[in-house]
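Taking it in order: structure first as structure tokens, then the write-up.
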Amino acid sequence: MGETIKNLPGVAVILFGPRIAKPVIRGLNSQRVLVMNGGLRQEDQQWGTEHAPNIDTFDASSITVVRGAATVLYGADAIGGVVRVDQTAVPDTGGFRGDAALNLFSNSRQGALSLGAESGRARLPLLGAIGYRARLTTRAAGNGAAPDYSLANTGFRELNGSLTLGVTRPWGTSDLRLSRFGTELGVLRQAHVGNSDDLQRAMTTPPLDSAFSYTTGRPNQRVEHTTLRVRSQFVLAPEQTLEVVYGLQYNHRREYDNHGPLRFRNEAAFNLKLYSNTLDVRWSHARWRGVRGTVGASAIAQGNRTLRKAFLIPGYDLWQGALYAQEQWVRGRWSVDAGLRGDVISQTSIAYADLGIRSAAGTRAWRNASGSLAAAFLAADGFDVSVRAARAWRPPTVNDRFAQGVHHGTAQYELGDASLSPERSNGVETTARYRSRRLNIEVAAYRNQIAGFIYLQPTQPVFTIRGAFPRYRYQQTDARLSGVELSSSWTPHAR
């Protein structure tokens, strides 16, 4: 997914070798950029910088990037933007169709194979004619290559599958989708060291173990993500629909240590189980006095369990509810777009006490509103200009507040701060676009002020029973992000 979107204006990618890519939109990433997968918020422990979205991109038919604050329709944490991964609706006519895709990569000697099948003529008892789509993907890679040597223990494997069943009737459409994403990732072995001398040596000299291999050993990660989605869209009247989307997601992340007694056991040092229930109801109404838009409500119920001896974040329960509306008014060459959203979020941490780690139980709740206002003017055929102002916010997450321990994937010791306050963002952007049969040009400028921006501040290394690790503390400051984006394309000839 990172390779697909990284050339869009305003978009960059944080790369961890050939296996992990995190989208960055206008300088913001991780829990400030929301990933929507098939209409669902992707909830997969995305707070880790090296925690890539658990999505099979062979299963995507389109990827859309929404730049700037997109909190009104999507959520309070989308202050950087949204990456929407969508699949086409299952067919309602036609016979069997299939496809096969094979990818090969020279670096890491990686191979990927994906097989898909669909039909609109299947029949089930009681339901009658239905459409279906199925996909199976596998991927394997060895150690990634630096210019002069291989990076030890950086291979990975994937096995993914999905099945979607759908019906199309005069009242609307409905579909049921079940998907599973599974991967095992090696972690660069030289990043996990026993003392400060080894840490310094790892940063300044080539590794001794640098041969290519497909074998994945310790330290490593195993991640499984299972999703069940039920989505229905009802036609209430011409240009008027009601959409209901329910999703159940289960994410299981296990990280295995390369030090201490757990090195020789098939037992995860770091074990997280995340359960997420989401419900979205959206009513898109017909045009009334030139105004057309969407009114909706959403809810999230989430629980995280922290197992095993190692600690990084506590178990927690999260509840969130929201009401929102986005409307557009069009008159002649002018259009005005306005949105407003109110969120209530409750976060309850579960007490943890073991091996010197003390993390207290407690509940914090936040209430706040976000919104946007934009105006666009069609100056001439093919040329338009627009201005948008947006207000957004993001409460501190559990890892921001309670992180305490070694993050295996990045080999750093993280410390949270329970007293952190929510981030508050105020941004403005202006855009000019020109489109003709052969030439397209878009110029955008933006400025985003974030009060209470939460970030990791590096401090002195810390020495643990697992070795020496760089130490980082979650802190807050005021931040300003500004920039200019330019994109253009030219078609010199019809062919």
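Residues in the sequence shown are numbered from 5 upward in steps of one, following this note's numbering.
We treat Cβ as the ideally placed atom computed from N, Cα and C, and that holds for glycine.
Going straight from the alpha carbon of residue i to that of residue j, what length do you get?
{"i": "serine 429", "j": "valine 348", "result": "17 angstroms"}
{"i": "isoleucine 24", "j": "glycine 159", "result": "11 angstroms"}
{"i": "glycine 487", "j": "alanine 449", "result": "6 angstroms"}
{"i": "arginine 475", "j": "threonine 481", "result": "19 angstroms"}
{"i": "phenylalanine 185", "j": "glycine 120", "result": "15 angstroms"}
{"i": "glutamine 49", "j": "arginine 442", "result": "44 angstroms"}
{"i": "glutamate 489", "j": "arginine 269", "result": "51 angstroms"}
{"i": "asparagine 164", "j": "threonine 220", "result": "19 angstroms"}
{"i": "valine 15", "j": "glycine 85", "result": "10 angstroms"}
{"i": "alanine 415", "j": "phenylalanine 473", "result": "6 angstroms"}
{"i": "alanine 104", "j": "glutamine 351", "result": "44 angstroms"}
{"i": "serine 363", "j": "leucine 424", "result": "15 angstroms"}
{"i": "arginine 291", "j": "arginine 345", "result": "21 angstroms"}
{"i": "valine 227", "j": "threonine 53", "result": "15 angstroms"}
{"i": "alanine 195", "j": "alanine 206", "result": "7 angstroms"}
{"i": "valine 334", "j": "serine 390", "result": "13 angstroms"}
{"i": "leucine 278", "j": "serine 66", "result": "27 angstroms"}
{"i": "tyrosine 328", "j": "valine 285", "result": "10 angstroms"}
{"i": "glycine 502", "j": "phenylalanine 457", "result": "The displayed coordinates of the chain run from 5 to 499. Any statement about residue 502 would go beyond what the structure contains."}
{"i": "glycine 325", "j": "glutamine 306", "result": "12 angstroms"}
{"i": "leucine 252", "j": "leucine 382", "result": "43 angstroms"}
{"i": "glutamate 162", "j": "aspartate 385", "result": "48 angstroms"}
{"i": "asparagine 308", "j": "histidine 412", "result": "18 angstroms"}
{"i": "glutamine 225", "j": "tyrosine 459", "result": "24 angstroms"}
{"i": "glycine 504", "j": "leucine 311", "result": "Residue numbering for the chain in the displayed model covers 5 to 499; residue 504 lies beyond these limits and cannot be assessed."}
{"i": "tyrosine 565", "j": "proline 211", "result": "Absent from the structure is residue 565, since the part of the chain shown begins at 5 and ends at 499."}
{"i": "leucine 140", "j": "glutamate 122", "result": "12 angstroms"}
{"i": "lysine 26", "j": "asparagine 41", "result": "15 angstroms"}
Counting along the chain, where does the beta strand (DSSP E) carrying residue i start and finish?
{"i": "leucine 382", "result": "366-384"}
{"i": "phenylalanine 274", "result": "274-292"}
{"i": "arginine 257", "result": "244-260"}
{"i": "leucine 212", "result": "Per DSSP, leucine 212 belongs to no beta strand (DSSP E) and is neither H nor E."}
{"i": "glycine 315", "result": "Reading off the sequence shown, one finds phenylalanine at residue 315, where the question assumed glycine. Unbroken run through phenylalanine 315: none, as it is neither H nor E."}
{"i": "glutamate 418", "result": "416-419"}
{"i": "tyrosine 438", "result": "427-439"}
{"i": "alanine 501", "result": "Because residue 501 is not part of the residues shown, which for the chain are 5 to 499, the question remains open."}
{"i": "threonine 68", "result": "66-71"}
{"i": "asparagine 343", "result": "First, the amino acid is wrong: residue 343 is glycine here, not asparagine. Here the beta strand (DSSP E) through glycine 343 covers 338-353."}
If I follow the unbroken alpha helix (DSSP H) through residue i, where does it start and stop?
{"i": "threonine 75", "result": "75-78"}
{"i": "glycine 6", "result": "6-9"}
{"i": "arginine 405", "result": "402-406"}
Taking its Cβ as the centre, do 16 or more other Cβ atoms sit within 10 Å of residue i, making it buried, or is it exposed?
{"i": "aspartate 404", "result": "buried"}
{"i": "leucine 128", "result": "exposed"}
{"i": "valine 294", "result": "Reading off the sequence shown, one finds glycine at residue 294, where the question assumed valine. Under this definition glycine 294 is an exposed residue."}
{"i": "leucine 497", "result": "Note that residue 497 corresponds to histidine in the displayed sequence, not to leucine. Classification of histidine 497: exposed, given that the 10 Å Cβ count is below 16."}
{"i": "asparagine 157", "result": "buried"}
{"i": "asparagine 107", "result": "exposed"}
{"i": "arginine 392", "result": "buried"}
{"i": "aspartate 179", "result": "buried"}
{"i": "proline 174", "result": "exposed"}
{"i": "glutamate 259", "result": "buried"}
{"i": "aspartate 60", "result": "buried"}
Cutting at 6 angstroms between CB atoms, please list the residues of its own chain near residue i, excluding the five before and the five after it.
{"i": "arginine 181", "result": "Thr168 and Arg233"}
{"i": "glycine 124", "result": "Pro95, Asp96, Thr97, Gly98 and Gly135"}
{"i": "aspartate 341", "result": "Gln332 and Ala378"}
{"i": "isoleucine 445", "result": "Tyr438 and Ser492"}
{"i": "glycine 375", "result": "Gly343, Leu344 and Arg395"}
{"i": "glutamine 46", "result": "Val39 and Pro57"}
{"i": "serine 236", "result": "Ser178 and Val248"}
{"i": "serine 112", "result": "Pro22, Ala145, Gly146 and Gly148"}
{"i": "phenylalanine 387", "result": "Tyr438"}
{"i": "arginine 36", "result": "Ile83 and Gly84"}
What does DSSP give as the partner residues of residue i in its beta bridges?
{"i": "tyrosine 136", "result": "Ser123 and Leu169"}
{"i": "histidine 229", "result": "Phe185 and Asn255"}
{"i": "methionine 40", "result": "Arg45 and Arg88"}
{"i": "glutamine 461", "result": "Arg477"}
{"i": "tryptophan 175", "result": "Partner(s): none; tryptophan 175 has no beta bridge."}
{"i": "leucine 117", "result": "Leu106 and Thr142"}
{"i": "alanine 241", "result": "Gln244"}
{"i": "isoleucine 361", "result": "Asp358"}
{"i": "leucine 2", "result": "In the structure displayed, the chain extends from 5 to 499; residue 2 sits before or after that span and is not available."}
Does the beta-carbon of residue i, which I'm using as the reference point, lie nearer than 7 angstroms to any heavy atom of the ligand FAD?
{"i": "alanine 329", "result": "Absence of the ligand FAD from the depicted structure is noted, as is the absence of any ligand whatsoever, leaving it without description."}
Give me, in chain order, the residues of the same chain whose beta-carbon lies closer than 8 angstroms to that of residue i; leave out the 5 immediate sequence neighbours on both sides.
{"i": "leucine 419", "result": "Ala407, Gln408, Arg475, Tyr476, Arg477 and Tyr478"}
{"i": "arginine 484", "result": "Arg451, Asn452, Gln453 and Ile454"}
Who are the near neighbours of residue i in its chain, counting only those whose CB is closer than 7 angstroms to its CB and skipping five residues on each side?
{"i": "leucine 283", "result": "Tyr250, Ser302 and Ala303"}
{"i": "valine 69", "result": "Ile9, Leu12, Val15, Ile29, Gly85 and Val87"}
{"i": "isoleucine 354", "result": "Pro318, Gly319, Tyr320 and Ala365"}
{"i": "glutamine 244", "result": "Ser288, His289 and Ala290"}
{"i": "tryptophan 370", "result": "Ile349, Pro399 and Pro426"}
{"i": "valine 466", "result": "Tyr417, Phe473 and Arg475"}
{"i": "arginine 337", "result": "Phe381 and Leu382"}
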